[in-house]
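As numbered in this note's numbering, residues 44 to 251 make up the sequence shown, in order.
For reference, the structure discussed in these notes is given below.
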Amino acid sequence: MQNIVSYFSSDAFKESADLFLANDTVTYSGAGSTSSKALVVSDIFRHAEVGNVLWVVNSSDEMERVKKSLSTWSKRNVYGYDAVRDEDRGSFSLNSVYEREKILRKVSFVSKMADGGQAVFVVPFYSLEEEFPLAPELRENSVVVSSGDEVGVVDFIENLVEMGYDNAEDEYVKKGQYYKVGESVLVYPIGPDVVYRVDFDFNKIEKV
């Protein structure tokens, strides 16, 4: 279930929303549970045009609780970003896998925030204590392909490899991977949470 705040009257919590919107700094007393906080924030979204929101929490466990509550109360996309830390290194089979996952999570987080949409990003405070790539840098190094582009499947895959994409073992590609199926390539970009199928006709992209 999603957007359950819409089942309440638009005036039910309007005073709380008005107070928040009229002041630069507001502290609410009594909104102690994750669900009550999500309710207040979701109601603010109903009364104002608010862009992307950064919600800072204390731990990864709290991040998951906030994501679940906010996804239920509001209709916004809710993303979590839990940075890969030094103490996580032992949970990866290889150091290269650890470094890759660290970069993938970071770039994915910045890419989504740079989209300029209306999403909520829930992040433990320690995940913000690191350097991030600048959004303009990501845009400059991104690649956009469209139907009709003059590029062959081999050159396309070579470009993906140069950008750091891995070849997946099967069609169930993960973020930052690609997989060739006949004259098509499945690609899971680092930014969007969607897999794209790029169909080729000789040295031209037929369909995306």
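Ideal Cβ placement from N, Cα and C applies to all residues, glycine included.
All values derive from a computational prediction rather than experimental measurement.
Taking C-beta to C-beta, are residue i and residue j nearer than 9 angstroms?
i, j, result
"L171", "V153", "no"
"V93", "Q161", "yes"
"R108", "A126", "no"
"L62", "A91", "no"
"R143", "D209", "yes"
"V251", "S190", "yes"
"D236", "K217", "no"
"M156", "N66", "no"
Since I believe residue j is in contact with residue i (beta carbons under 8 angstroms), could you give me their beta-carbon distance rounded to a whole number of angstroms?
i, j, result
"S85", "L113", "7 angstroms"
"V230", "V238", "7 angstroms"
"S151", "G234", "6 angstroms"
"V48", "L97", "With a Cβ gap of about 20 angstroms, V48 and L97 do not count as contacting."
"R89", "S52", "Contact doesn't hold; Cβ gap of about 11 angstroms is too wide."
"N202", "V186", "7 angstroms"
Of the choices the options, whose alpha-carbon is the least far from that of residue i?
i, options, result
"I87", "F56, V100, K217, Y222", "F56"
"K223", "K217, D236, V241", "V241"
"V100", "T77, K118, E183, R119", "T77"
"E226", "V204, F199, A60", "F199"
"F175", "A60, E105, K118, K145", "K145"
"S79", "T115, S102, T68, D104", "T115"
"S103", "Y169, T68, Y221", "Y169"
"A211", "E205, L177, Q220", "Q220"
"E205", "A60, D213, N184", "N184"
**Prompt:** Looking at C-beta atoms only, is the number of pairs between the region 193-203 and the region 238-248 that lie closer than 8 angstroms three or more?
**Reply:** yes
**Message:** Could you check whether the region 164-179 touches the region 117-126, counting it as contact only if at least three pairs of C-beta atoms, one from each stretch, sit closer than 8 angstroms?
**Reply:** yes
**Item:** 4-residue-minimum alpha helix (DSSP H) runs that sit fully inside the region 147-234, ordered along the chain
**Value:** 178-183, 196-205
**Asked** Enumerated in chain order, which unbroken segments of the beta strand (DSSP E) with a length of 3 residues or greater are wholly contained in the region 87-136?
**Response** Listed in chain order, the beta strand (DSSP E) elements of length 3 or more contained wholly in the region 87-136 are 96-100, 121-123.
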